[in-house]
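See below for the structure under consideration.
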Amino acid sequence: MRAREVYVTGYGLVAPTVLDGESLFHRICEKRSCVREHPLFAELGFPNRAAGYIDDLQWQHVQQAFAGDAHSLPRQSLLADFVAQQALRHAGLSPAALRDAASGLFVGANKHCATSHDLEQLAGCLDSHGRLDLDRYLQHQSARQAPFSLRVDQQTFHLAHTLGIRDHISTHSDACAAGTVAIGSAYRAIERGDLDLAICGAVELMANELPYYMFSSLGALCQQSELEPGHQSRPFMRGRSGFVLSEGAALLVLESREHAERRGARPLGRVLGYANFCEAEKMTASSRDGSKYAYCMEAALEDAGLLPHAVQHVNTHGTSTQVNDSCEAHALKHVFERLLDGVTMTANKSALGHSLASSGAIEAVLSLISLREGVLLPTLNYDAADAEFPELRFLSEPVRQSIGVVLSNSFGFGGINSSLVLGRA
Amino acid sequence: MGAFTQTIAIAGAGCVLPGGAGVEDFWNSLCAGRSGIVPLQSSLFHGNRVAAFGQIPEEVRQACRQDVPRNLQRYCTPAVVLGVAAARQALQEAGVDPRQGHLRFGLYCCQGGYTHPSLDAYAELLQECRGGDDGLDLRQLSARVLETRALDPFLVLKSLSNGLSGVVSLAFDLEGECNAYMQGVAGNQAALREACAALRSGRIDAALVVAAGSELDALALAELARAGIIGTNGARAFRPFDLDGEGGVAGEGAAALLLRRSEDMAAGPRVAIGTIAAQAELAALELPGEPVDLLVCHGTGVPAVDRRLSAVLARSRPRHATCAQPVTGLLSAAPGLADLIVARSSLLRQCVPPVAGLERPVSADLPFVTGAPQAARLRSCAVVGRDDNGFGACYRLDYADAR
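Order-wise, the sequence lines are chains B and U. Heads up: the first sequence is residues 424 to 848, going by the numbering used here. Heads up: the second sequence is residues 1094 to 1496, going by the numbering used here.
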């Protein structure tokens, strides 16, 4: 028997084109992509300019909502602040609530990268042999940002400091699984009785040129520049050719059932189970038969005390890369076998792009809205007639259907797998 | 699955740190006051203002590389290589091997970093794409990367914040629960906390906690200098808690611990991890309520700051105090694990190593051991770390001889 039930009582979200979870959900229901041509990528002459990015108007909104001097904070801290405040309001909590409870903060983030401007500054300090003159660089170093503006845990530190987090503070950097791992870790800490209240999720801002260079050099990004930006990410389709880089943030408020009931909070959903594993297979791919992804999904269901037939809907990782989607499809067939007909699936990255650490947290929010609203999201750019795995029931249109349990997957480079089981309140 | 309430003990340890490759070597350096901080040297940059670094010698790097299977080396930064070596030492001391399959392992890793990417990733391209007026032709650079594939294709894998956990799991065929954290004191405490919780819950039988990082990069050093964390007046030594301190000196290295439930270990002397506390501000950190026999702590090398720190740390009422940073420099990835290794070694040997080079303490608040190592009766220890963003963490360790 589970030691303590874990409720979700609030969430906040910022994704490309939207400033909250409901707007994102409705946008995907309307089959409107969040992926656009990135003006920076156009300026730099990239052959493929598709990306999901938070635009200037959105940043303006985020800055205006900040009570202090927005320019004193690195971007990731500003975004984390905005999303955390949104989540706390949604949960009906004041920021001070975290000071008064056994509280924890679990934030996923992988990298905050330099820009071309930083490279230009460097180039100006190279000597005639191509070596950097560090003394000169120190003298001319830009003061446009606060020190440590690229440090990965700055947003965590900012939230921990301003919210007065009492008992647990962690920055999770499990590549594309980091958001899900952060939520799962918070769930475990509440479930075992260490915490009553937690903020968890991820903040990732990688839709800029240097991450693009790295992922492109590995061959992981979508190669189909002839397609409209919004049509490029095509999870589980035969013609898929890689992911579209994106960014965003989502944070959830988790509480023990007792804590939520004591303050009369309305639960939005529950975290029922979780598993995470390193698979020791390869740095960039899982076992081709899907067995290691399947092991993770089955372990999460076991943690929830459920059998596969309890799951009605799967929020897949679905990156739109050849290998990842194939491994995940085989894993889903292994886990659900003859039950596949009764399970619908969605792959949100076709609409959002791949926001790496944040993807799992954003997909958890979308799954919770599906559970609450009884509406299942379509997978944009999916056409059953040309799907590689037609036995998997991806939806091309939104469907109204009451569901009780969603399985949400996130798998990352470095061989890190994670699955969450979410339930209706 | 039953719930375990037993204490968690350190069954094995490993390190590759400035001053020592291996726990024994590191301990000897601490006792001898032999610093691993050396004049800073790099083929990619030069300067006089940042003059010293806690550096792993090249021959040690090469030896560690032998620990990494050849097919994995293309995914490794120099720091990840050190992490694999430290992990191997910890597994060996504990006498456990993930390949044997009879224990359920968990892997908890921490990396560090202040900037991304490092200079070495782009050094050649920057030189090539410089315009006549010292500017950078950004369109040329993008064309070189995207059209002629001028970047290392594995750069994204070398840049992973969970690259250490990926390579360690592959190097040791370690399949199991896994978490990767950033960074420093905060990341170390999160990894240790989760490892201890997993052991207590019964989900795993052995937890491998590994941390590795290096700031031997011009951009990282510049960022540390801009934040005032490292000195920029050419100092050659790091003197925390000393009136002659001239700021911090950065370092690099890796450390690993293998944790087990005490009840699963053979009889003998052991060091158990008790409470773990963390706070965004060190001043608010919960320190042990009872006096401790030993305090292992962090300083800054800025006398005024270290004086204030001393007053806070004195709340733990230690009978002895030490600090390993004059030997290692400031570690971005493994500060907590390195200090836990110092604390464990001290408790097992009943001896406190001196603070290397400490001659004029900033205050009398803390009973630092200076000069030579000091034999002492040690049963309890507090390890208190402070990150350069103010974050603080405290571990209480207890010594017991279960023979």
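Where is the CB? At the ideal position from N, CA and C, for every residue including glycine. Keep in mind the model is a prediction, meaning the values are calculated, not measured.
Taking only three categories from DSSP, how would you classify residue i?
i: U:Tyr1201; result: strand
i: B:Asp541; result: helix
i: U:Gly1095; result: In this predicted model, U:Gly1095 has a pLDDT of only 39, less than 50, meaning its place in the structure is not dependable; the value taken from the coordinates is given anyway. U:Gly1095: coil per DSSP, three-state reduction.
i: U:Gln1467; result: strand
i: U:Ala1449; result: coil
i: U:Asn1164; result: helix
i: B:Glu814; result: coil
i: B:Leu730; result: coil
i: B:Arg663; result: coil
i: B:Tyr770; result: What sits at residue 770 of chain B in the sequence shown is Ala, not Tyr. B:Ala770: coil per DSSP, three-state reduction.
i: U:Ser1307; result: strand
i: B:Ala507; result: helix
i: U:Thr1421; result: helix
i: B:Val746; result: helix
i: B:Phe529; result: strand
Is it buried or exposed for residue i, if we count other Cβ within 10 angstroms and need 16 for buried?
i: B:Asp504; result: buried
i: U:Gly1126; result: buried
i: B:Ala770; result: buried
i: B:Asn533; result: buried
i: B:Glu751; result: buried
i: U:Asn1141; result: exposed
Does the beta carbon of residue i sit closer than 8 Å to a beta carbon anywhere in chain U?
i: B:Cys536; result: yes
i: B:Cys645; result: no
i: B:Ile592; result: yes
i: B:Val844; result: no
i: B:Phe836; result: yes
i: B:Cys701; result: yes
i: B:Ile861; result: Outside the displayed span of chain B (424 to 848) sits residue 861 of chain B, for which this structure offers no information.
i: B:Arg615; result: yes
i: B:Asp576; result: yes
Comparing alpha-carbon positions, which option in the options lies nearest residue i?
i: B:Leu799; options: B:Arg427, B:Val441, B:Leu442, B:Lys454; result: B:Lys454
i: U:Ile1366; options: U:Arg1437, U:Gly1338, U:Gly1340; result: U:Arg1437
i: U:Ala1360; options: U:Ala1417, U:Asp1494, U:Ala1475; result: U:Asp1494
i: U:Ser1307; options: U:Val1173, U:Val1238, U:Glu1117; result: U:Val1173
i: B:Gly687; options: B:Leu447, B:Leu516, B:Arg498, B:Phe469; result: B:Leu516
i: U:Gln1282; options: U:Ala1426, U:Arg1470, U:Pro1466, U:Leu1137; result: U:Ala1426
i: U:Glu1339; options: U:Pro1362, U:Gly1295, U:Phe1331; result: U:Phe1331
i: U:Ala1465; options: U:Arg1167, U:Cys1124, U:Leu1317, U:Arg1197; result: U:Cys1124
i: B:Ala723; options: B:Leu695, B:His736, B:Thr742, B:Ser709; result: B:Leu695
i: U:Gln1148; options: U:Val1131, U:Val1477, U:Arg1489, U:Asp1266; result: U:Val1131
i: U:Ser1473; options: U:Arg1363, U:Ser1254, U:Val1153; result: U:Arg1363
i: B:Arg522; options: B:Asn747, B:Arg611, B:Ala787, B:His591; result: B:His591
i: U:Ala1315; options: B:Ala609, B:Phe571, B:Tyr610; result: B:Phe571
Which same chain residues end up closer than 6 Å to residue i when comparing Cβ atoms and leaving out the 5 residues on each side of it in sequence?
i: B:Thr603; result: Gly783, Ser833, Ser841, Leu843
i: U:Leu1388; result: Ser1409, Pro1411, Ala1414, Ala1475
i: B:Ala488; result: Phe505
i: B:Cys645; result: Gln655, Ser664, Gly665, Val667
i: B:Ala754; result: Gly713, Tyr716, Ala717
i: U:Ala1214; result: Leu1248
When the cut-off is 8 Å and only beta carbons count, does residue i lie next to chain D?
i: U:Cys1271; result: The question asks about chain D, but that chain is absent: this structure's protein chains are B and U.
Keeping to the same chain, check which residues put their C-beta closer than 7 Å to that of residue i; ignore five residues upstream and five downstream.
i: B:Gly616; result: Ala426, Arg427
i: U:Gly1095; result: Legend: pLDDT at U:Gly1095 = 39, less than 50; position of this residue unreliable, value from coordinates given subsequently. Gly1295.
i: U:Ala1264; result: Val1161, Pro1162, Leu1165, Val1177
i: B:Gly692; result: Val431, Leu791, Leu794, Arg795, Leu845, Gly846, Arg847, Ala848
Under 8 Å Cβ to Cβ from residue i, same chain only, skipping five residues before and after it: list those, please.
i: U:Arg1354; result: Phe1097, Gln1099, Thr1100, Ile1101, Ala1102, Leu1292, Arg1293, Asp1298
i: B:Glu796; result: Phe448
i: B:Phe836; result: Ala598, Cys599, Met706, Thr707
i: U:Val1116; result: Ala1106, Gly1107, Cys1108, Gln1182, Glu1186, Ile1434, Ser1438
Does any residue of chain B have a CB that is nearer than 8 Å to the CB of residue i?
i: U:Tyr1168; result: yes
i: U:Gly1147; result: no
i: U:Pro1381; result: no
i: U:Gly1478; result: no
i: U:Met1275; result: yes
i: U:Gly1140; result: yes
i: U:Leu1229; result: yes
i: U:Ser1307; result: no
i: U:Arg1319; result: yes
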